[in-house]
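Report on the following structure.
In my numbering, the protein residues as written are 252 to 592.
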């Protein structure tokens with residue numbers, strides 16, 4: 252049929268078989284993926300897998316063995332949704348949870364193979380009932396994002412960027428139930444794209460195409476545009492003192508705009524991740540070095556290679572006083588970070 256390849260979406264052994272079977276299944280799964288990939292690649296075809304999230308090599312749905320299958324697969328699509336199932340809550344989970352999921356994924360699998368699954372559907376749960384004559388049981392309802400007209404009753408939840416509506420519904424003259432509905436919209440998809448961009452992964456994998464709000468495509472096109480509108484009054488890099496000599500003069504090719512956006516979030520207690528992104532004014536691949544200013548002197552922190560367009564990306568694990576920082580925080584004079592070639 253001229254297809255590019257195969258996507259595996261095997262969920263039964265994760266959700267139905269029980270964890271006591273996972274150790275044996277994991278070995279068979281890795282062997283199967285390896286052999287299938289070899290066969291597909293021999294004919295120029297791709298192998299993609301759609302899997303629920305893992306949080307470490309031994310937590311989450313570890314039966315899928317991200318690290319073991321990484322050399323064989325071409326695409327890893329993480330189904331980072333259905334965070335809330337039995338009780339009311341966000342479908343795609345808090346963005347902090349999404350970051351935790353991606354943090355492990357890019358450690359186990361090359362970021363260029365990773366896709367963040369994002370939902371375009373929501374659910375409506377019954378949270379309580381009062382009166383007489385109520386049904387013995389209630390079931391949740393599922394809606395596509397494209398079916399919903401969002402009014403002021405739909406309040407946006409900052410942790411997940413999804414919309415939530417709490418309301419009452421009469422089932423009969425004597426029975427009233429309270430319901431809580433959660434629904435992602437176009438802004439939710441954009442927020443998840445922005446998180447995906449922090450990790451430099453391949454992109455999003457939407458479940459499912461055709462159920463989204465039409466407006467999300469304009470938002471995503473603007474987000475991925477190679478020529479986004481310039482930031483008004485960009486904050487320049489701090490003037491360095493006692494800085495290591497750059498390979499080329501920064502006055503010839505300065506870092507454009509902010510060293511930020513800085514995104515700092517807690518992965519778990521006592522540990523945080525710092526993401527630094529930026530772009531040089533002229534295109535071309537080059538090596539860059541990140542320095543941290545400590546008591547007036549610069550210390551080398553990390554090195555990276557820019558993309559062909561001149562973009563650079565650092566992702567660091569930090570501890571200690573850095574935990575006091577949050578997304579959008581300005582660094583103090585003793586914590587200046589500078590990128591130089």
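Each residue gets a CB set at the ideal place from its N, CA and C atoms; glycine is no exception.
Pairing residue 343 with residue 355 gives a Cβ-Cβ distance that is not under 9 Å. Secondary structure remark: continuous beta strand (DSSP E) runs of at least 3 residues inside the segment 309-394, in chain order: 326-329, 365-370 and 372-382. For residue 415, the enclosing beta strand (DSSP E) stretches over residues 414-421. Residue pairing by DSSP puts residue 457 in a beta bridge opposite 369. Residue pairing by DSSP places residue 433 opposite 374 and 415 in a beta bridge. With a beta-carbon spacing of about 6 Å, residue 324 and residue 288 fall inside the 8 Å limit used to define contacts. Judged by their CB atoms, residue 539 and residue 558 are not nearer to each other than the 9 Å cut-off.
As the crow flies, the alpha-carbon of residue 341 is around 33 Å from that of residue 255. Taking the C-beta atoms as reference points, residue 359 is found nearer than 9 Å to residue 317. Taking the Cα of residue 465 as reference, the smallest distance to any Cα among 399, 562, 374 and 390 is reached at 399.
The DSSP-derived three-state label of residue 276 is helix. Burial of residue 320 is indicated by the presence of at least 16 other C-beta atoms within 10 angstroms of its C-beta. When secondary structure is reduced to three states using DSSP, residue 402 falls in the coil class, being assigned neither helix nor strand. DSSP, reduced to helix, strand and coil, places residue 555 within a strand of the structure shown. Inter-segment contact for the segment 451-464 and the segment 411-428 is absent: fewer than three beta-carbon pairs are separated by less than 8 Å.
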